[in-house]
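> Please read through the structure below; I'll follow up with questions.
Protein chains: 2
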Amino acid sequence: MLVGIDIGATSLDIALLRPDLGIIARHAQEADVEAGPGPIMARLRSLLPAMLAQNGIAPDRVLAVGIGVPGPVNFAAGQLVNPPLMPGWDSYAIREDLREITDAPIFVDNDVNLMALGVLWRQRKQIENFLVIKVGTGIGCGIVCHGELYRGSTGSAGDIGHICADVAGPLCRCGNRGCVEAMAAAPAIVAMGLEAAQSGRSPALAERLAAKGLLDAADIGAASRAGDAEADAIVRRSGRLIGQVLAALVNFYNPSHIFIGGGVSAIGPMFLAAIRQSVSQRSLALSTRHLEITSAPLGPETGLIGAGVLAMREALRSGGPA
Amino acid sequence: MLVGIDIGATSLDIALLRPDLGIIARHAQEADVEAGPGPIMARLRSLLPAMLAQNGIAPDRVLAVGIGVPGPVNFAAGQLVNPPLMPGWDSYAIREDLREITDAPIFVDNDVNLMALGVLWRQRKQIENFLVIKVGTGIGCGIVCHGELYRGSTGSAGDIGHICADVAGPLCRCGNRGCVEAMAAAPAIVAMGLEAAQSGRSPALAERLAAKGLLDAADIGAASRAGDAEADAIVRRSGRLIGQVLAALVNFYNPSHIFIGGGVSAIGPMFLAAIRQSVSQRSLALSTRHLEITSAPLGPETGLIGAGVLAMREALRSGGPA
Chain A
631 MLVGIDIGAT SLDIALLRPD LGIIARHAQE ADVEAGPGPI MARLRSLLPA
681 MLAQNGIAPD RVLAVGIGVP GPVNFAAGQL VNPPLMPGWD SYAIREDLRE
731 ITDAPIFVDN DVNLMALGVL WRQRKQIENF LVIKVGTGIG CGIVCHGELY
781 RGSTGSAGDI GHICADVAGP LCRCGNRGCV EAMAAAPAIV AMGLEAAQSG
831 RSPALAERLA AKGLLDAADI GAASRAGDAE ADAIVRRSGR LIGQVLAALV
881 NFYNPSHIFI GGGVSAIGPM FLAAIRQSVS QRSLALSTRH LEITSAPLGP
931 ETGLIGAGVL AMREALRSGG PA
Chain B
631 MLVGIDIGAT SLDIALLRPD LGIIARHAQE ADVEAGPGPI MARLRSLLPA
681 MLAQNGIAPD RVLAVGIGVP GPVNFAAGQL VNPPLMPGWD SYAIREDLRE
731 ITDAPIFVDN DVNLMALGVL WRQRKQIENF LVIKVGTGIG CGIVCHGELY
781 RGSTGSAGDI GHICADVAGP LCRCGNRGCV EAMAAAPAIV AMGLEAAQSG
831 RSPALAERLA AKGLLDAADI GAASRAGDAE ADAIVRRSGR LIGQVLAALV
881 NFYNPSHIFI GGGVSAIGPM FLAAIRQSVS QRSLALSTRH LEITSAPLGP
931 ETGLIGAGVL AMREALRSGG PA
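Chains A and B, in that order, are what the protein sequence lines are.
When the letters of the first sequence are read in order and numbered with our numbering, they come out as residues 631 to 952.
When the letters of the second sequence are read in order and numbered with our numbering, they come out as residues 631 to 952.
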């Protein structure tokens with residue numbers, strides 16, 4: 631029995647998994663990481679024992695726990711390091727916090743790294759060099775090199791959200807201008823959607839805003855799919871900017887596949903189409919000739935299954951951390 | 631006995647190396663790859679036997695030959711694939727062309743990959759994840775991942791010359807705008823130098839131009855070091871643009887070291903300083919905290935020694951190709 635936990639910027643997702651990574655039980659709820667680790671960790675400490683009990687699983691049958699978090703992780707220490715989306719979590723001792731509910735070894739990694747592990751497991755090592763891109767509240771990338779997850783020299787590899795997409799772009803919270811995350815991730819899509827609704831340029835979005843009192847990225851996606859030109863332009867613009875950054879990474883890394891996941895990836899087929907178009911325009915022909923850009927193969931469960939893969943692999947490798 | 635050959639955009643460099651990669655003899659001359667493979671390969675076929683004879687080495691004592699070329703290589707086939715700097719070399723059978731002068735196995739790779747192999751050998755595997763950047767007529771990158779050279783899924787990894795540095799930049803021969811190679815490599819530096827000389831903005835460059843009838847990148851470097859403000863601005867601009875592209879790659883790849891080599895890297899300390907400044911401005915703190923950006927450790931011989939490393943490694947691995 632493995633436990634996979636995916637802490638997103640706006641959600642908490644827990645799964646009990648068999649050693650073959652089949653999901654036995656899953657619980658997802660909204661959560662806000664910006665509120666700091668306290669509330670989320672308290673919820674985990676009550677939810678996980680309850681899930682185990684409901685499924686008739688004794689706590690000592692848990693082999694290992696894998697946890698994904700949306701920020702850079704010092705993998706050996708199991709701690710977040712200066713996470714831009716979740717400042718209150720800096721250096722927080724996630725593992726120690728769960729000690730009271732399980733004796734099993736606990737492994738913490740960046741959420742996109744876990745998606746990459748999930749895809750790697752799903753592909754059964756048939757592809758060796760690929761990228762997994764998560765587009766949600768932030769934008770991150772998991773890198774697989776020679777069939778192994780690549781974390782970089784200090785664990786921050788794949789931190790692509792602050793790559794510049796436009797030198798004259800808006801100011802990002804990191805202090806630079808035109809970061810792709812500030813221009814193309816969910817908050818930027820929502821801001822553009824609100825603007826289109828409030829200015830009256832998009833009747834469809836104005837209607838949704840009036841009905842709900844707010845908009846999320848899925849609303850802009852739905853309006854785009856329903857034929858609203860403004861919403862469509864917002865979706866395309868986001869895809870184009872992300873594609874521009876990916877074009878540079880394709881020239882550099884020459885992956886065979888790029889898998890796109892995360893909440894925003896589901897907002898409509900135009901998003902993926904715009905990414906593909908932008909990459910093929912700006913990358914070298916030699917790098918794109920055999921490149922496939924598709925949705926992440928395990929859908930919204932990619933990260934959870936990856937958390938299970940991490941738990942299994944690391945438990946087997948190390949016998950568990952101290 | 632190993633033979634290392636470094637075919638540059640404007641030079642041909644040959645070395646006889648001991649199995650410990652000490653250089654026994656070296657011959658370098660100017661050459662023009664744009665003229666196609668015929669003249670350069672003919673020169674190689676006469677130069678190499680002469681070098682062996684001069685050093686009293688029987689041709690059958692050559693264990694293996696490593697050759698670096700300035701373009702994307704299909705490593706298994708030993709052929710260049712659509713090389714932008716040397717169109718006449720596309721799919722040319724370099725290995726077959728040297729069969730008449732040696733029976734030793736011949737291995738062909740991209741020149742920057744060979745620099746990366748040279749650095750890897752020099753560092754004795756003490757660093758695992760690093761980049762080698764070559765700035766000359768073109769701009770390329772060698773990638774080392776988990777202590778191994780990384781060629782990408784179709785062999786074109788590191789082809790960073792056409793990454794966009796400025797969406798509003800000048801048109802590049804690849805058809806896109808603002809490629810870093812078109813804005814910051816030797817031809818761009820020379821073009822800016824000529825402009826500064828002819829417009830009278832740089833008296834130092836005007837004087838050099840009048841004396842020599844032409845300018846090369848080294849002239850702009852010399853004028854910069856001698857205090858010419860215009861030349862200095864050109865050197866800094868090139869470093870800044872390259873640093874901008876590297877900043878994105880640092881966020882993505884999180885290398886521990888970046889080694890800068892190639893002809894342009896020697897034009898002055900301001901070049902490296904501008905690269906460093908630009909990277910640290912645009913990369914995330916977590917990625918740059920332990921990042922070192924320095925000159926390639928083996929200087930202009932990095933590629934030649936890498937060619938020797940390639941020859942030795944591949945001959946040991948495969949017993950030689952068919």
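No residue lacks a Cβ here, since even glycine has one placed at the ideal position from N, Cα and C.
How about the segment 886 to 899 of chain A and the segment 762 to 772 of chain A: do they share at least three Cβ pairs that are nearer than 8 Å?
They touch, by the three-pair rule.
> Could one say the Cβ of residue 676 (chain A) lies closer than 7 Å to chain B's Cβ atoms, at least one of them?
The sequence position of residue 676 (chain A) within the first sequence is 46, counting from 1. Not closer than 7 Å to any Cβ of chain B, the Cβ of residue 676 (chain A) fails to qualify, so no.
> Just to make sure I have the definition right: I need the residues of chain B whose C-beta is within less than 8 Å of the C-beta of residue 919 (chain A). Which are they?
Taking the first residue of the first sequence as position 1, residue 919 (chain A) is located at position 289. Those are 784, listed as they occur along chain B.
> Is residue 924 (chain A) closer than 7 Å to residue 745 (chain A) when the C-beta atoms are compared?
On the first sequence, residue 745 (chain A) is found 115 positions in, with the first residue counted as 1. On the first sequence, residue 924 (chain A) is found 294 positions in, with the first residue counted as 1. Their beta carbons are not under 7 Å apart, which means residue 745 (chain A) does not touch residue 924 (chain A) by this criterion.
> Give me the chain A residues within the contact set of residue 916 (chain B), using Cβ-Cβ distance strictly less than 9 Å, ordered along the chain.
For the purposes of this step, residue 916 (chain B) is taken as residue 286 along the second sequence, with counting starting at 1. Per Cβ cutoff of 9 Å: 702, 711, 712, 784, 785, 786, 789.
> In this structure, how does DSSP classify residue 792 (chain B) when only helix, strand and coil are distinguished?
What you label residue 792 (chain B) is simply residue 162 of the second sequence in a count that begins at 1. Reduced to three states, the DSSP call for residue 792 (chain B) is helix.
> On the CB-based measure, 16 or more other CB atoms within 10 Å of its CB, does residue 829 (chain A) come out buried or exposed?
As a working mapping, residue 829 (chain A) is identified with position 199 in the first sequence. The residue in question, residue 829 (chain A), is exposed, as its Cβ has fewer than 16 Cβ neighbours within 10 Å.
> Consider the Cβ of residue 763 (chain B): report whether some Cβ of chain A lies at a distance smaller than 7 Å.
As a first step, residue 763 (chain B) must be located in the second sequence, where it is residue number 133. No, residue 763 (chain B) does not count as interfacial toward chain A.
> Confirm, please, whether the CB-CB distance from residue 631 (chain A) to residue 657 (chain A) is below 7 Å.
Reading the first sequence from its first residue, position 27 is the one you call residue 657 (chain A). Reading the first sequence from its first residue, position 1 is the one you call residue 631 (chain A). In this structure, residue 631 (chain A) does not lie closer than 7 Å to residue 657 (chain A) by Cβ.
> Given that a residue counts as buried once 16 or more other Cβ atoms are within 10 Å of its Cβ, and exposed if not, what is residue 685 (chain A)?
The residue labelled residue 685 (chain A) in the question sits at position 55 within the first sequence. By the neighbour-count rule (16 or more Cβ atoms within 10 Å), residue 685 (chain A) is not buried but exposed.
> Suppose the cutoff is 8 Å on Cβ atoms and the five residues either side in sequence are ignored; what does the same chain contact list for residue 845 (chain A) look like?
The residue given as residue 845 (chain A) occupies position 215 in the first sequence. Hits under 8 Å: 820, 823, 824, 827, 835, 838, 839.
> Check whether the Cβ of residue 889 (chain A) lies closer than 7 Å to any Cβ atom in chain B.
Here residue 889 (chain A) refers to the residue found at position 259 of the first sequence. No, residue 889 (chain A) lies away from the interface with chain B (no Cβ there is under 7 Å from its Cβ).
> At a Cβ threshold of 7 Å, is residue 885 (chain A) touching chain B?
For the purposes of this step, residue 885 (chain A) is identified with residue 255 of the first sequence, where counting begins at 1. Residue 885 (chain A) counts as touching chain B.
> What are the partner residues of residue 809 (chain A), as DSSP defines its beta bridges?
For the purposes of this step, residue 809 (chain A) is identified with residue 179 of the first sequence, where counting begins at 1. Bridge partners of residue 809 (chain A): A:794.
> Can you find a CB in chain B that lies within less than 7 Å of the CB of residue 705 (chain A)?
Indexing the first sequence from 1 puts residue 705 (chain A) at position 75. Taking Cβ atoms only, chain B never reaches closer than 7 Å to residue 705 (chain A), which makes this a no.
> If you follow the alpha helix (DSSP H) that residue 743 (chain A) is part of, which residue opens it and which one closes it?
Residue mapping note: residue 743 (chain A) aligns to position 113 of the first sequence, counting from 1. Unbroken alpha helix (DSSP H) run through residue 743 (chain A): 741 to 752.
> With a cut-off of 8 Å on the beta carbons, I'd call residue 815 (chain A) and residue 768 (chain A) a contact; round off their distance for me.
Here residue 815 (chain A) is taken as the residue at index 185 of the first sequence, counted from 1. Here residue 768 (chain A) is taken as the residue at index 138 of the first sequence, counted from 1. Right, their Cβ atoms sit about 6 Å apart.
> Tell me the rounded alpha-carbon separation between residue 655 (chain A) and residue 636 (chain A).
For the purposes of this step, residue 655 (chain A) is taken as residue 25 along the first sequence, with counting starting at 1. For the purposes of this step, residue 636 (chain A) is taken as residue 6 along the first sequence, with counting starting at 1. For residue 655 (chain A) and residue 636 (chain A), the distance between alpha carbons rounds to 14 Å.
> Between residue 943 (chain A) and chain B, is the shortest Cβ-Cβ distance under 7 Å, so that the two count as touching?
Taking the first sequence and counting its residues from 1, one reaches residue 943 (chain A) at position 313. No, residue 943 (chain A) lies away from the interface with chain B (no Cβ there is under 7 Å from its Cβ).
> For residue 740 (chain B), would you say it is in contact with chain A, using Cβ-to-Cβ distances shorter than 7 Å as the test?
Indexing the second sequence from 1 puts residue 740 (chain B) at position 110. No, because no Cβ of chain A sits closer than 7 Å to the Cβ of residue 740 (chain B).
> Could you pull the start and end residues of the beta strand (DSSP E) that residue 764 (chain A) belongs to?
Reading the first sequence from its first residue, position 134 is the one you call residue 764 (chain A). First-last of the beta strand (DSSP E) with residue 764 (chain A): 760 to 765.
> With a threshold of 6 Å on Cβ separation, who are the neighbours of residue 679 (chain B) within its own chain once the five nearest residues in sequence on each side are excluded?
Here the question's residue 679 (chain B) lines up with position 49 in the second sequence. Same-chain partners within the cutoff: 731.
> Run through the segment 673 to 735 of chain B for me and flag every whole beta strand (DSSP E) of 3 or more residues, listed as ranges in chain order.
Whole beta strand (DSSP E) segments, 3+ residues: 694 to 699.
> Would you kindly report the start and end of the unbroken alpha helix (DSSP H) that includes residue 828 (chain A)?
For the purposes of this step, residue 828 (chain A) is taken as residue 198 along the first sequence, with counting starting at 1. From DSSP, the alpha helix (DSSP H) with residue 828 (chain A) extends over 816 to 828.
> Is it the case that the Cβ atoms of residue 872 (chain B) and residue 881 (chain A) are separated by a distance below 7 Å?
Locating residue 872 (chain B) in the second sequence gives position 242, counting from the first residue. Locating residue 881 (chain A) in the first sequence gives position 251, counting from the first residue. No, these two residues do not count as a Cβ contact at 7 Å.
> Note down, in chain order, each residue of its chain lying with its Cβ closer than 7 Å to the Cβ of residue 866 (chain B), except the 5 sequence neighbours on either side.
Here residue 866 (chain B) refers to the residue found at position 236 when the second sequence is read from its first residue. Around residue 866 (chain B): 900, 904.
> Using the DSSP secondary-structure output, state which residues sit across from residue 645 (chain A) in a beta bridge.
In the first sequence, the residue the question calls residue 645 (chain A) occupies position 15. BP columns for residue 645 (chain A) point to A:634, A:656.
> Below 9 Å on C-beta distance, what does residue 802 (chain A) contact in chain B?
Stepping through the first sequence from its first residue, residue 802 (chain A) is reached at position 172. Going along chain B, no residue has its Cβ under 9 Å from residue 802 (chain A), so there is no contact; the nearest lies around 11 Å.
> Could you compute how far the alpha carbon of residue 775 (chain B) sits from the alpha carbon of residue 696 (chain B)?
Start at 1 with the first residue of the second sequence, and residue 775 (chain B) comes out as number 145. Start at 1 with the first residue of the second sequence, and residue 696 (chain B) comes out as number 66. In a straight line, the C-alpha of residue 775 (chain B) is about 21 Å away from that of residue 696 (chain B).
> Specify, as a first and last residue, the run of the beta strand (DSSP E) that residue 925 (chain B) falls within.
Position 295 of the second sequence holds residue 925 (chain B). Run containing residue 925 (chain B): 922 to 925, per the beta strand (DSSP E) assignment.
> Grouping DSSP H, G and I as helix and E and B as strand, with all else coil, what is residue 891 (chain A)?
Residue 891 (chain A) sits at position 261 when you count from the first residue of the first sequence. Of the three classes helix, strand and coil, the one that applies to residue 891 (chain A) here is strand, per DSSP.
> So if I threshold CB-CB distances at 8 Å, which residues from the segment 862 to 878 of chain B count as touching chain A?
Listed in sequence order: 874, 875, 877, 878.
> Going by DSSP in three states, residue 897 (chain A) sits in which element: helix, strand or coil?
Within the first sequence, numbered from 1, the residue matching residue 897 (chain A) stands at position 267. Residue 897 (chain A) falls in the coil class under three-state DSSP.
> Cα separation between residue 715 (chain A) and residue 699 (chain A)?
If you number the first sequence from 1, residue 715 (chain A) lands on position 85. If you number the first sequence from 1, residue 699 (chain A) lands on position 69. Whole-angstrom Cα-Cα distance: 10 Å.
> With a cut-off of 8 Å, do at least 3 Cβ pairs link the segment 751 to 759 of chain B to the segment 775 to 788 of chain B?
Segments in contact, yes.
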